[in-house]
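Reading through the structure tokens given below for one structure.
Residue numbers (full-length UniProt numbering), protein chains in the order written: chain A, 1 to 467; chain D, 1 to 467.
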């Protein structure tokens, strides 16, 4: 429990109305999209980096844990106040400070919603490519902290490829600037990217500089149906071999396709085994040429049929169907566990095969989708947290998937972060030496281990329940 | 001085023939392209990461400084053994371990020469864009450690944008892996980019994973002559405003143009004030369209004339002229000091103006060139180290240039590193808090401060002489 003096110091910083201790309020900040939860002792709603620095000072003085929070859309348990303490609510730091069209750079506060930034940037004829599924809700701060990706990663990269500078409040309460308005800057080791994907474990991001680009002039959206999931894998590899880099290359398996049809009725054939949603974009002539290559390659790989979106509204319908996938899958069973195994592109077919084999062996319901162009697979476990026997099977299946993912040269996450749910797997990927290095960095920056403890690096095994 | 027991331990690790202590040999490892120098106590030539780890262990045990070294082409004093100790010669770690065409990733040892990698990658139909001026000599390890850039940064980014994973020997002698074969990987804070631009101050890079791309299908090279340097600045901004992102956009001023003509006779008019060397690349139709935009925009900005390379050999002649710039400028006066001030693109005209004003005020000879598309200016001081009075003026001029660069929102280096020559300016850019953060990270990873000490972070003022 947090002492009254901590509360009163927080009230002095943020104002009494911005310090929440009533269970009815604190409960709201107890969970994220994993459905895991733990109610914090107190929530502080801050408005600027100076307040953040002061809150950090209080947390340090009293050795109280501090959990930064955006919109809470994480699916790795990143913002969950697992060991109690202060939730630092950052959504009021929501100003777009600058969209510099000459230098093609945006400067934003962490609480800006991704879709809001997208729209403002688009108004000025520019483009911010990262597009996580949750972009209408997720904050840019959360996207940076978790390394959010999205559908356009293959051609455009993910959040980490666009962050060029930050303002960060360190655990020692210093407010530091990293990076600069010069895209090329390289003075000393990269402090900016130390915070990208750091999930709030090293400091609080209070300002973000993002690189912007010009939007593509034309987009072509194609839906390719396959009777065999292996054929889809072959198509993916040969599209890229044919020197076409689509902006989007999404795989959906039968379970996913049927879930979309159940709830959205897009008109997808329910009997196909796999579907590729492919977008090519760029200069109009190139787009037409690339689309032709995609069609040829997919036919050769054994596609049953290929549908090309004829206009913007048809495109929106298809993209919206894909974007609705997580919510529709979530309707199938009470508990959804979204995994994020990322393998080298060439290993996607092996990974798909293994996921299916594991699914059958454990007799589980798994919907698979993935940003297959860059090897990012999302096996989505549809289960029920109340069914202890099934949950144990899920746990074993997840563990096997990650073992195989690492065996293939892959990694534990492509865009969802490690959070609390995957910290236990980190040593498999980074070995003892790597984890020692992670811990050394963490210790040097946050010696008291109060910044979002036990995320990424598992200092101790903590039991967190489902909501 | 280093003790005999250190020498004998190093001999046990690398073999007697690979441990150099004779002045005639050690002298060779005393300098880089800055012409600053200090003779090391001993040079160890290693062949693999295990040997590196053992050498690190010896250095730590005896608290001896360790200076990793590639080809020594640095122009910031990065590899200079300024405080004596062991030079770790890495050029035998020169194997290309893998060029994975399916996943478009290369895995190399740090001693691989950049141009050798380029050629091997090209043979397989792939492309590694970073092209520092020294690419025929520089090692990839050096490029990663210094964040090397080159002419193609505007469109393609620099070395930092291509490094996706590393093997590093830490000062505690652990050999750790960072990153993975998955371009999207984001598990925890970014340990890979902590070493990019770290200049050997945090550990020794022993393996490098690089992202590769497809080469452009067509390149068009243009030479644009201007009577006013300001007009060139206007042209740069409006090319980008017109949504053309050239791969290369190089500015050369009158001093540079005449130096090239003096020694290379490319046929450039000697009376123009500025020249832009512009390359557009990509799909053939786009290249032609973009080139047309460039021509129109440059004419409107007041270009005197525009020359388009008609074939590959003409292109090579123009590019070679640009690439020869540093060597030809170096022939004008005994001492060359190459600076690397990088500003937001929109501030390039202001920076150019100020450099000229400073040059006139101090009556110095400065040749200016720059990767102006991404704001990276290279004022090159042509001076004489023996002329104490002039050298003092150079020092003041450099200091003023960086003050103004930072005032404009720029940074101390775009591609040459901080090394020993610019460590003293770091606090101007990063303030006290930022430098404390740099130091904290450095201390936690290298508590004895034996890894290339006093580079990037100036722990003490060290006098290093010119050769």
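No residue lacks a Cβ here, since even glycine has one placed at the ideal position from N, Cα and C.
- Counting along the chain, residue 89(A) sits inside the beta strand (DSSP E) bounded by residues 86–89.
- Take the alpha-carbon of residue 431(A) and the one of residue 388(A): they are about 31 Å apart.
- Secondary structure of residue 64(D) (DSSP, three-state): coil.
- Restricting attention to beta strand (DSSP E) runs no shorter than 3 residues, the stretch 169–245 of chain D encloses them at 175–179, 204–211 and 218–226, ordered along the chain.
- Taken atom to atom, the span from the alpha-carbon of residue 43(A) to that of residue 427(A) is near 32 Å.
- For residue 372(D), no beta strand (DSSP E) run applies, since DSSP gives it neither H nor E.
- Residue environment analysis places residue 122(A) among the exposed positions, since fewer than 16 neighbouring C-beta atoms fall within 10 angstroms of its C-beta.
- The beta carbon of residue 184(D) falls within 9 Å of a beta carbon belonging to chain A, placing the residue at that interface.
- Contact between residue 260(D) and residue 324(D) holds, with the beta-carbon distance rounding to 7 Å and staying under 8 Å.
- Looking at the DSSP output, residue 127(D) shares a beta bridge with 213(D).
- Residues of the stretch 335–349 of chain A with a C-beta less than 7 Å from any C-beta of chain D: 342, 343, 344, 345 and 346, listed in chain order.
- Counted as a single uninterrupted DSSP element, the stretch harbouring residue 26(A) is not any beta strand (DSSP E) but the alpha helix (DSSP H) occupying residues 23–26.
- Cβ-Cβ distances below 6 Å link residue 93(D) to 109, 110 and 111 in the same chain, with the five nearest sequence neighbours on each side left out; the list follows chain order.
- Between residue 221(D) and residue 268(D), the C-beta gap is not smaller than 9 Å, which leaves the two residues out of contact.
- With a beta-carbon spacing of about 5 Å, residue 160(A) and residue 196(A) fall inside the 8 Å limit used to define contacts.
- The beta carbons of residue 69(D) and residue 88(D) sit closer together than 9 Å.
- Neighbours of residue 193(A) across chain D, judged by C-beta separation under 7 Å: 190 and 193.
- Using a Cβ-Cβ cut-off of 9 Å, residue 187(A) counts as an interface residue toward chain D, since at least one Cβ of chain D sits closer than that to its own.
- With respect to chain A, the C-beta atom of residue 426(D) has a partner C-beta closer than 9 Å.
- Residue 77(A) sits close to residue 419(A), with the two beta carbons spaced by under 9 Å.
- Contact between the stretch 247–256 of chain D and the stretch 271–291 of chain D is present: three or more C-beta pairs spanning the two stretches fall below 8 Å.
- Annotation: Cβ neighbours of residue 202(D) in chain A (cutoff 8 Å, chain order): 189.
- With a threshold of 9 Å between beta carbons, residue 106(A) makes no contact with chain D.
- With distances taken between CA atoms, residue 32(A) lies nearest to 80(A) out of 41(A), 39(A), 18(A) and 80(A).
- Taking the Cα positions, residue 103(A) is about 46 Å away from residue 26(D).
- The stretch 353–365 of chain A makes contact with the stretch 384–401 of chain A; the number of CB pairs closer than 8 Å reaches 3 or more.
- Around the beta-carbon of residue 442(D), 16 or more other beta-carbon atoms lie within 10 Å, marking it buried.
- For the stretch 139–166 of chain A, the beta-carbon criterion of a distance under 9 Å to any beta-carbon of chain D is satisfied by 146, 147, 148, 149, 153, 154, 157, 158, 159, 160 and 161.
- Between residue 69(A) and chain D, the shortest Cβ-Cβ separation is not below 9 Å.
- Separation of residue 194(D) and residue 141(D) (C-alpha to C-alpha, rounded to the nearest whole angstrom) is 14 Å.
- For residue 286(D), the residues of chain A that pass the 7 Å Cβ criterion are 283 and 286, in the order they occur in the chain.
- For residue 127(A), the nearest beta carbon of chain D is not closer than 9 Å to its own beta carbon.
- The C-beta of residue 40(D) has 16 or more other C-beta atoms within 10 Å across all chains shown, which makes the residue buried.
- In its chain, beyond the 5 residues on either side, 107 have a beta carbon closer than 6 Å to the beta carbon of residue 98(A).
- Distance from the CA atom of residue 244(D) to the CA atom of residue 367(D), rounded to whole angstroms, is 28 Å.
- The beta carbon of residue 14(A) is closer than 7 Å to those of 44, 45, 46 and 51 in its chain, skipping five residues each way along the sequence.
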